[in-house]
Each structure stands twice: as structure tokens, then as C-alpha cells.
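Undergrad: Structure in C-alpha cells, see below.
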Amino acid sequence: MKLPSFLQIEPVGQCNLRCQMCPIQYRNDGPPRGMPAFLKFDTYLRILEQLPQIEHLHLQGLGEPMMHPRFFEMVSVAAARGIRVTTNTNLTVLSPARAELCVSSGLECIHISIDAASPEVYERIRVGSRMSRVLRNLAFLDDARRTLASSLPRLRLVTVIMRQNLAELPELVRLAHHWKMESMFVQHLCHDFGEATLPPAYLPMRQFVESESLLGESRSSIESSFAAARRTADELGLELRLPQVDRGGFPDTMRGEERCDWPRRGIYISYQGFVMPCCMISTPDRLNFGNVSGNAIDVIWNGESYDEFRRRLASNEPPEVCQACSVYHGLF
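If you're matching positions, the sequence shown starts at 929 in my numbering and goes up one per residue.
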């Protein structure tokens, strides 16, 4: 199979308090429970060398990418090769100097994760973070783009919608407009962690999703908040994407490869070098096809286990981990 044009790499695996999306820490990567969890820079360079056809590189994983000590070198190296480079960040580890590097390094777009407009709700979801710090860092980024007379990186607000922040949507739209973001992408909780093979450490995540998913919220509450957000976005001229939150997102007759093309068009590599079919799986202990440290990427990409995964995804009996995924069900 032709090698992918899209590459997603997890620069950092370790979580600190300001990296959390919810009050559940299930990863042991990085201090204080493990060794520093950073992708080795020479491994990163070897990955790029093996994938010269890559057009889009997205630096994102379960940790905060900008925690990596050589993050901006990663961006510059890829951008110098003509690769479009984007990233996700919770924007908690920025300074004026690093904000300027966001502009000068070659970043094309930054997806900024903010899940509430009010400090109370934001700090309940992003445990250990402070809304005031994020707003200060947004100002650093705005100043850097203006000082360097650059429209890049483009900014997009990304919000994970759940029951506790549903009412925040209209004000989040206003926040995105205030900080000159081009668009706002609202997504449903990505996975219900419902597979029978789920490692026990992830059971609290399954419980969290069950309690916070909009699939358990009243239809009237969802429609009211979504309608208010749409009106606000239309008034301000902001592009807004809202998720489907009905269980019938895709018809049952739709083939798996039509539901999700990730395993055919893109590759996801964890900070340890494990190859996974997508970022929805998140961690290699749930599923992986091998490690780039001991195998050529094209061999992994065209290997038997990867091909079998693709075949099953295209069938009426997809892999169990896909059956629990919001993308597969058209709910993302």
C-alpha cells in the first residue's frame, strides 16, 4: 500500500497537572512516576527520513507537545522540507519568547484546546491549570503575530464537549472571536473505552465518559446550547463545527472504510516509537503494530497485522477498539 501523506507524532507522553483533560490520571509516563517521556530527536529525524512523501505533520499526543525541549526544532526541520506542520496545545507552557518561536519556526496552524469560557468550569476540567494563565498566553501569541507581521500560525479553538461545559458554548465562540481565531471545532468525547480488552487502568476513563457524554444529556439542552452557539458564530462571522450527538450518526449499512479512512491515509507514532492506527487509540498498550526503533516504517505499514486491521475495519465486524470509537459511529 502507498505510504501515507499524513503523519501524527506524539512528542511528549508524560502528563503534568496542566495537561489533564479530566480529573483522572491513568498514565505513568514521566515524572514523578517514571522516566522523562519525550520522543528522542534522532528517532524523530529517522521517521521523517523514512517518510519523504509526508505532506502534513501534526504534532500531538496525550502530553502537551510544547513541553518537549526540542519542539520548535521539530517544527523547523519539517517546515524546511515543505511539510505543513500543525499542533495541538493547551497553551499552558508559553512565554513571549516561545510565542515568537510559534511564528518564526514555521508552524502553519495551532489548535488550542480550551474546554470552557468561565474559570470555574475550565479549572474543574483542566485540573491544576488556570484560565488566567491561558488568556495571558493567548495575548503573548497575539503580540508575537502582530510584532512579526505574520498571519501565521493560524489559530483554531478546539473544545471537547461534555455535560459539564455544554452551557459554555456561546461564550467560547466569543472567546475564539476575541482572540482572532479563524474557526472553532467542537468534538464529542472521542471514545467510550468500551472494549472488553481494555486494560484495568483505563476503567476510570470509561466511567468518566459514561457520566459526561452528551449521549446521556437531554435533547432539548443540547439543541438549546448548539443553537445559541450557532447564532453567536453567525453574528461574529466565525466558522463553527459542532458534532453529531445522536447514536445514528452513520447508517448501519455504511462500510467501515467509509466511516474512517485513518488506517489508509495516516499513521500515528507514539513518543516511544510505537505505530498505531490513529490517535483515538491513544496508547500502545491498547493496540500497536510494532516499534520504529527495530523496524522500517514501510514494513510496519504494509505488515500483516496492519493489513488485517484494515480488512476488519472494512468488514461488518470491525476491530473491537473501533466499535467503541466516536469517529466510527459518526459522533465525533
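Think of the CB as a built atom: it goes at the ideal place given N, C-alpha and C, for glycine as much as any other residue.
Nothing here was measured: the structure is a model prediction, and the numbers come from that model.
1. Based on the DSSP output, what are the partners of G1194 in its beta bridges?
2. On a Cα-Cα basis, can you pick out the residue from S1146, L1215, I937, E992 that is closest to H984?
3. D1043: buried (16+ other C-beta within 10 angstroms of its C-beta) or exposed?
4. With DSSP as the reference, label M949 as helix, strand or coil.
5. I'd like to know if S1233 contacts chain B, where contact means its C-beta is closer than 7 Å to some C-beta of that chain.
6. Tell me which residues share the same chain as V1062 and place their Cβ nearer than 8 Å to its Cβ, disregarding the 5 neighbours each side in the sequence.
7. Quick check: the segment 1148-1156 against the segment 1091-1099, are there 3 or more CB pairs under 8 Å?
8. Runs of 3 residues minimum, wholly inside the segment 1124-1170: which ones carry the beta strand (DSSP E) assignment?
9. Could you say which of R1064, A1129, A1161, P1081 lies nearest to F1113 if we only look at CA atoms?
10. CB H996 to CB P939, shorter than 7 Å?
11. Quick one: Cα of G1122 to Cα of I1011, how far?
12. Could you have a look at H1119 and say whether DSSP puts it in helix, strand or coil?
13. Please return the same chain residues whose Cβ sits closer than 7 Å to the Cβ of L1241, not counting the five positions on each side in sequence.
14. Secondary structure at F966, three-state DSSP: helix, strand or coil?
15. Start and end of the beta strand (DSSP E) containing R1102?
16. Would you identify the three-state DSSP class for L1241, choosing helix, strand or coil?
17. Contact between the segment 1157-1173 and the segment 1100-1112: three or more CB pairs below 8 Å?
18. Give me the Cα-Cα distance between Q1135 and Q988, rounded to the nearest whole angstrom.
TA: In this structure, then:
1. F934
2. I937
3. buried
4. Interpretation of M949 is limited by its pLDDT of 48, a score under 50 that renders its predicted location unreliable; the figure taken from the coordinates is listed afterwards. Correct three-state label for M949: coil.
5. Within the model displayed, chain B is absent; a lone protein chain is all it includes.
6. N1018, L1019, T1020, I1042, Y1050
7. yes
8. 1167-1169
9. A1161
10. yes
11. 36 Å
12. strand
13. G1184, E1185, C1188, P1191, P1247, C1250
14. strand
15. Taken as a continuous stretch (DSSP letters only), R1102 belongs to no beta strand (DSSP E), being part of the alpha helix (DSSP H) at 1097-1106.
16. helix
17. yes
18. 25 Å
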